[in-house]
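> In the numbering used here, the protein residues as written are 402 to 566.
Think of the CB as a built atom: it goes at the ideal place given N, C-alpha and C, for glycine as much as any other residue.
First the structure, then my questions, so here it is.
Shown next, in the form of structure tokens:
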């Protein structure tokens, strides 16, 4: 598939099953701190609204998503959006979809009044860290050995990007 036929759009309620399947196919201890989701688990619930998600569609199927939300409900923190989920189908990786989703999330955050976008990434997830760095994110903090995943202690890295650049 050509990256030219990629469409980034807001998620719709009817995308739930496709997003859940995508989330399941992308799950790995490399990127996830929670156990593998159940095969019948959906994505949308009272804490995860379709409006928070952008999806990448290619060839009529969903191949990726990003979720960006305010990091807290506090009014003093509403100028920040936090990426709290990014997934690209394993068969579609390496085609610029992750970068397109991140840039679209940053653009959407800017239109919603955000000045910064932050995220957390596992220290051992080098492909994701390189992707975020290419998109202008820098390391702002490290929580050493924050997670015990698959028998290994893993650092949690906070990264951020200003949107006025």
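Which same chain residues end up closer than 8 Å to residue 452 when comparing Cβ atoms and leaving out the 5 residues on each side of it in sequence?
Correct list, in chain order: 411 and 412.
> Using the C-alpha atoms, what's the distance from residue 525 back to residue 471?
For residue 471 and residue 525, the distance between alpha carbons rounds to 25 Å.
> Tell me the DSSP bridge mates of residue 455?
Per DSSP, 411 and 467.
> In three-state DSSP terms, what is residue 402?
Low local confidence applies: a pLDDT of 45 at residue 402 is under 50, so the model's placement there is unreliable, with the coordinate-based value given in what follows. If DSSP states are grouped into helix, strand and coil, residue 402 belongs with coil.
> CA-CA distance, residue 420 and residue 446?
So the alpha carbons of these two residues sit roughly 13 Å apart.
> Which first and last residues belong to the beta strand (DSSP E) in which residue 519 is found?
Note, residue 519: beta strand (DSSP E), 517-523.
> Taking residue 510 as part of the alpha helix (DSSP H), name the residues at either end of that continuous run.
From DSSP, the alpha helix (DSSP H) with residue 510 extends over 498-512.
> Are residue 516 and residue 563 closer than 9 Å when you measure CB to CB?
For residue 516 and residue 563, yes; Cβs fall inside 9 Å.
> I'd like the list of long-range same chain contacts for residue 486, defined as Cβ closer than 6 Å, with 5 residues on each side in sequence excluded.
The residues are 468.
> Given a cut-off of 9 Å, decide if residue 465 and residue 523 are closer than it, judged by their beta-carbon atoms.
Not closer than 9 Å, so no.
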